[in-house]
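So for the first sequence, the numbering used here puts the first residue at 809; every next one is plus one.
Reading through the structure tokens given below for one structure.
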Amino acid sequence: MILSQNFYQGSTQKVAKALLGQILVHETPHGLSSGRIVEVEAYLPKNDPGCHAARGKTPRNSVIFGPPGHAYVYFCYGNHFMFNVVTEKEGVPGAVLIRGLEPIKGLELMVQRRTRFESHELGLTNGPGKLVQAMGIQREHNRKPVFKKPLYLMEGERKEKIGVTTRIGLTEGADLPLRFYLEGNGYISVKPGADRFSPGMKKKLKSSPLKKAV
DNA sequence: AGCAAGATTAGC
DNA sequence: CTAATCTTGCTA
């Protein structure tokens, strides 16, 4: 069953956890590829400086303010796209970033889409930029519904426990525990406990070394 | 109009 | 550890 639009209209954190274990599917002329969601991050409507919507509505982020169940595809660092699903009812800005997939179908297709990097299977979908590439998600998918073909989410299964950590790579709101993942899964982008800083955060730390980031 | 920063990745 | 790479949004 394809997840219906009302699956996404709840609170962002709730939807983020509910998305773990669900299946992301993309049907293209080249074939079908799919993967199970194993890692996500929540971006909240309120008190979340890390959310793109935190500084108000702009042409780029306006889709997060719109109705739930739509894709927010964001171009980052000049090389990579991020795939988010819009949450909350219309007018309330919230989104969930998909950060890790466990490949199910279309492995060949995924490898093909990422061949130029000669990635091994584990490196195929264990990161937001990677899975977007492996699934063949593109700029055009921005603002498209994810409760309709060709790019949509299906009901999956979750047996694993949900782990929680802070979000990865943020300069603002980096201390909030809004990253959720399936414990023990091999397709998690960054292992819990590993410290990693975004270029922006490094710069920030450098300019004020005394100001320790909690 | 110009510039800095960014929800990352791969390669040294 | 750091360059790559380019769009967006802010500042002048």
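We put the CB at the ideal spot given by N, CA and C, even for glycine.
Count the other C-beta atoms from every protein chain shown that fall within 10 angstroms of the C-beta of residue i, then say buried if there are 16 or more, exposed otherwise.
{"i": "Arg891", "result": "Note on identity: in this sequence residue 891 is Phe, with Arg being the wrong assignment. Buried, because 16 or more other Cβ atoms sit within 10 Å of the Cβ of Phe891."}
{"i": "Asp1003", "result": "exposed"}
{"i": "Met943", "result": "buried"}
{"i": "Arg921", "result": "buried"}
{"i": "Thr923", "result": "exposed"}
{"i": "Arg816", "result": "The identity of residue 816 in the sequence shown is Tyr, whereas the question assumes Arg. The residue in question, Tyr816, is buried, as its Cβ has 16 or more Cβ neighbours within 10 Å."}
{"i": "Glu910", "result": "buried"}
{"i": "Val972", "result": "exposed"}
{"i": "Asn814", "result": "exposed"}
{"i": "Gly994", "result": "exposed"}
{"i": "Gly935", "result": "buried"}
{"i": "Gly914", "result": "buried"}
Grab me the residues of residue i's own chain with a C-beta within less than 7 Å of its C-beta, minus the 5 sequence neighbours each way, in chain order.
{"i": "Lys957", "result": "Glu835"}
{"i": "Lys1012", "result": "Thr979"}
{"i": "Leu811", "result": "Gln830, Phe955, Leu961, Met962, Glu963"}
{"i": "Thr974", "result": "Ala982, Asp983, Leu984, Pro985, Arg987"}
{"i": "Asn869", "result": "His860, Ala861"}
{"i": "Leu917", "result": "His838, Gly839, Ser841"}
Contact defined as beta carbons within less than 8 Å: I believe residue i pairs with residue j. What is the distance between those atoms, to the nearest angstrom?
{"i": "Gln821", "j": "Ala850", "result": "5 Å"}
{"i": "Pro867", "j": "Glu896", "result": "Contact doesn't hold; Cβ gap of about 20 Å is too wide."}
Considering only residues of the same chain and omitting the five flanking positions on each side of residue i, which have a CB-CB separation below 6 Å?
{"i": "Tyr882", "result": "Met890"}
{"i": "Ile976", "result": "Val998"}
{"i": "Gly981", "result": "Asp856, Pro857, Gly858"}
Suppose contacts are defined by Cβ-Cβ distances below 8 Å. Is residue i in contact with residue j by that definition?
{"i": "Phe757", "j": "Ala824", "result": "With the chain running from 809 to 1022 in the structure shown, residue 757 is simply not present."}
{"i": "Leu939", "j": "Gly908", "result": "yes"}
{"i": "Gly902", "j": "Ile872", "result": "yes"}
{"i": "Leu990", "j": "Ile970", "result": "yes"}
{"i": "His860", "j": "Lys952", "result": "no"}
{"i": "Gly1001", "j": "Glu968", "result": "no"}
{"i": "Asn950", "j": "Tyr885", "result": "no"}
{"i": "Gly864", "j": "Glu898", "result": "no"}
{"i": "Leu797", "j": "Ile945", "result": "The first residue shown for the chain is 809 and the last is 1022, placing residue 797 beyond what the model contains."}
{"i": "Pro853", "j": "Val919", "result": "no"}
{"i": "His888", "j": "Gly937", "result": "yes"}
Let me know the secondary structure DSSP gives residue i once reduced to three states.
{"i": "Lys969", "result": "coil"}
{"i": "Lys1012", "result": "helix"}
{"i": "Ser870", "result": "helix"}
{"i": "Gly931", "result": "helix"}
{"i": "Met918", "result": "helix"}
{"i": "Glu849", "result": "strand"}
{"i": "Asn892", "result": "strand"}
{"i": "Lys897", "result": "coil"}
{"i": "Arg863", "result": "helix"}
{"i": "Pro911", "result": "strand"}
{"i": "Ala982", "result": "coil"}
{"i": "Gly843", "result": "strand"}
{"i": "Leu827", "result": "helix"}
{"i": "Val940", "result": "helix"}
{"i": "Glu1007", "result": "The sequence given here places Pro at residue 1007; Glu does not occur at that position. DSSP places Pro1007 in helix when its eight states are reduced to three."}
{"i": "Tyr816", "result": "helix"}
Please go through the same chain and pick out, in chain order, the residues whose beta-carbon is closer than 8 Å to the beta-carbon of residue i, but skip the five residues on each side of it.
{"i": "Leu827", "result": "Ile845, Val848, Val893, Val904, Ile906, Leu961"}
{"i": "Ile831", "result": "Ser842, Gly843, Arg844, Ile845, Ile912, Leu961, Met962, Glu963, Gly964"}
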